[in-house]
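In my numbering, the protein residues as written are 32 to 212.
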């Protein structure tokens with residue numbers, strides 16, 4: 032999710048029972064408004080651990096009773112500023128971890144890349160990130176993973192050199208001299 036979408040989350044957009052949240056609004060530069068694009072309005076699955084953490088947070092909050100309140104508020108019950116969070120928390124944490132370039136966008140790119148490494152499709156990553164175009168997800172948000180490339184090359188090598196042993200259906204694969212339809 033974009034930082035503005037996270038800061039714009041309201042309790043009514045969280046469905047703990049189904050482990051999902053609806054992205055319906057965003058908070059940018061002091062203003063609560065609509066998400067960036069039509070595709071940005073979406074429902075995304077939550078890991079069970081995060082759904083439980085949000086449920087606990089809601090129970091701790093006095094102001095969460097109405098259902099209209101933002102999930103992430105300061106001690107003064109005001110919305111957080113993405114810029115203040117970036118400079119006071121994220122950037123210092125990144126420097127301590129040896130990644131001074133850490134940013135909200137870097138976290139989205141990392142999520143998109145790891146989403147695919149974990150087996151998610153490019154189409155699912157596009158939907159989860161709220162991109163209108165798959166090319167945005169592919170060209171800007173996902174990065175190649177050398178270890179994955181190595182594993183695929185080794186698998187292909189075994190298929191080519193030991194095709195019959197590797198997969199009984201290998202004989203059905205097109206031969207390099209066959210024209211593909």
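Positions of the beta carbon are idealized from the N, C-alpha and C atoms, including for glycine.
When C-alpha distances from residue 48 are compared across 55, 75, 82, the shortest belongs to 82. Residue 38 is positioned such that its CB atom lies closer than 8 Å to that of residue 58. Non-local beta-carbon contacts of residue 153 in its own chain, meaning distances under 8 Å to residues more than five positions away in sequence, involve 147, 165, 168, 169, 173 in chain order. Here residue 157 is buried: its Cβ has 16 or more other Cβ atoms, across all protein chains shown, within 10 Å. Assignment of residue 102 by DSSP, reduced to helix, strand and coil, places it in the coil class.
One alpha carbon belongs to residue 142, the other to residue 192, and they sit about 35 Å apart. In this structure, the straight-line span from the alpha carbon of residue 104 to that of residue 89 is close to 12 Å.
Here the alpha carbons of residue 134 and residue 35 stand approximately 13 Å from one another.
By the neighbour-count definition (other C-beta atoms within 10 Å, threshold 16), residue 187 is an exposed residue. In this structure, the alpha-carbon of residue 40 lies about 7 Å from that of residue 54. DSSP, reduced to helix, strand and coil, places residue 60 outside both helices and strands of the structure shown, so it counts as coil. By the C-beta density criterion, residue 118 is exposed, having fewer than 16 other C-beta atoms within 10 angstroms. Burial state of residue 33 is buried, judged by a 10 Å Cβ sphere holding 16 or more other Cβ atoms. Shown here, residue 72 sits in coil according to DSSP, grouped into three states, outside any helix or strand. Exposed is the label assigned to residue 91, since fewer than 16 other Cβ atoms lie within 10 Å of its Cβ. Taking a contact as a CB-CB distance under 8 Å, the pair residue 52 and residue 77 counts as one, their CB atoms being some 6 Å apart. Per the DSSP secondary-structure output, residue 46 pairs in a beta bridge with 51.
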